[in-house]
Amino acid sequence: MSALTENGEHRGDRDGEGVPPGGGLTTGEVARRLGVAPTTVRTWDRRYGLGPDGHTGGRHRRWTAGDVARLERMCALTATGLPPAEAARLARGEEPPAVAPAGETAAGARRPPSRSRAGSGLSLGDVRQECKGVARAALRLDAAALDRLLLDAVTEHGLVAAWTEVIVPTLQAVGRKWQTSGERYVEVEHFLSWHVSGVLRRTTPDTVADRPGSTVVLACVPGENHTLALEVLSAALAQRGVPVRMFGGALPVESLVAAVRRTGPAAVGLWAQSRTTASRPLAQHVAGLEWGVRGARRKPVVLTLGPGWTGQAVAGAVRPTGLAGAVAVLESVAAR
């Protein structure tokens, strides 16, 4: 795997490097690189016009570095919960449409409703069909159906794509619902989150053999108890054979430092859901920790994960974009 820049980018991805000359990457290779299913790449091509700019002879399409960069932006945007159609428009570099009054287009014509609904008026937007089934099962508190649908999504699309394209949009829709409904539907969000955790445990290897110097430590910063996204990252790494030490929510500073010194990890991922919990001094302190014999001291690569770190640059830390970006960086660092 190619070397990484300080911001977590693959050096070979710049200026066309890292793409085979004269041919480019196949759709399967692009999908593996992004951490999504090949069907997802084909759907984005067919539905949103995110296919290769150039064409080669034969039936197989080839993707250049520029094509892949566009898809990487699509992944990053959808990971934030942006509807795929809007994310695709931004990934293509198009300007946002002119603002029009509610219910009208820029030209003044009435437009049909563009958002899909499931169950008790849960607004999902332009999402995968699977989201609607997951939302209905969650709203009905139907455990058996929800488990089946979540397992099907992970099996069909892979964990990274299932999280990005099915689970996150549904969780965000539920969150919007309870925020605008006087704290109703909180039980739906908790129910859905619990079953996602259960599916992760069922689809993740029990243990991954340790490789000295290759362990990844994952923890929420002190005061942060939102662990689900970190659980997904831990599961995705375990599926790729990366040894992980997961410490979950609100790990005290002293405990975090002790864990890093005892495990000597290749990387440490610090999750912050809120700007109020993200701590730049903490991330810098962890990045400065050293261990090993004199003359061969080592430090971990620190990743600042989660929306809480937005706008808070930490010197020496890597800020990956989305789940796929975090998996790529940590897999590469652990392999060194």
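Residue numbers (UniProt numbering): 1 to 336.
Glycine included, every Cβ here is placed at the ideal spot set by N, Cα and C.
A quick note: this is a predicted structure, and the numbers were derived from the prediction, not measured.
- Fewer than three beta-carbon pairs drawn from the stretch 258 to 270 and the stretch 198 to 208 are found closer than 8 Å, and the two stretches are therefore not classed as touching.
- The residue from 93, 25, 84 with its alpha-carbon nearest to that of residue 65 is 25.
- The Cβ atoms of residue 286 and residue 307 do not sit closer than 9 Å to each other.
- When the five nearest sequence neighbours on each side are left out, the beta carbons in the same chain lying within less than 6 Å of the beta carbon of residue 289 are those of 260, in order along the chain.
- Distances from the CA of residue 277 to each of 254, 258, 255, 304 were compared; the closest alpha carbon is that of 304.
- DSSP places residue 298 in no beta strand (DSSP E); its state is neither H nor E.
- Nearest in C-alpha terms to residue 61, of all of 75, 45, 137, is 45.
- Residue 216 and residue 69 have their C-alpha atoms some 27 Å from each other.
- DSSP, read as helix, strand or coil, puts residue 208 in coil.
- With fewer than 16 other CB atoms across the displayed protein chains lying within 10 angstroms of its CB, residue 47 is exposed.
- Bounds of the beta strand (DSSP E) holding residue 244 are 244 to 246.
- Under the DSSP assignment, residue 44 falls in the alpha helix (DSSP H) whose first and last residues are 38 to 48.
- Taking residue 252 as reference, the option from 224, 275, 234, 235 with the minimal CA-CA separation is 224.
- Counting of Cβ neighbours within 10 angstroms places residue 141 among the exposed residues, the total staying below 16.
- Secondary structure in the UniProt domain "B12-binding" (213 to 336): the alpha helix (DSSP H) runs of 4 residues or longer, each lying completely within the stretch, are 228 to 239, 253 to 263, 280 to 287, 322 to 335 in chain order.
- For residue 28, the enclosing alpha helix (DSSP H) starts and ends at 27 to 34.
- Contact check for residue 135 against residue 199 fails: the beta carbons are separated by 9 Å or more.
- The shortest C-alpha to C-alpha distance from residue 176 to any of 188, 53, 153 is the one to 188.
- Secondary structure note for residue 89: its alpha helix (DSSP H) is the uninterrupted segment 84 to 91.
- Inter-residue distance for residue 128 and residue 72 is about 19 Å (C-alpha atoms, whole angstroms).
- With 16 or more other Cβ atoms from the protein chains shown falling within 10 Å of its own Cβ, residue 322 counts as buried.
- By the CB criterion at 9 Å, residue 256 and residue 219 fall inside the cutoff.
- For residue 155, the enclosing alpha helix (DSSP H) starts and ends at 143 to 157.
- Counting other Cβ atoms within 10 Å of its Cβ, residue 274 stays below 16 and is therefore classed as exposed.
- Residue 195 is classed as buried because its beta carbon has at least 16 other beta carbons within 10 Å across all chains shown.
- A distance of 9 Å or more separates the beta carbons of residue 166 and residue 324.
- In the DSSP assignment, residue 198 falls within the unbroken alpha helix (DSSP H) covering 186 to 203.
- Bridge pairing for residue 63: 25 [DSSP].
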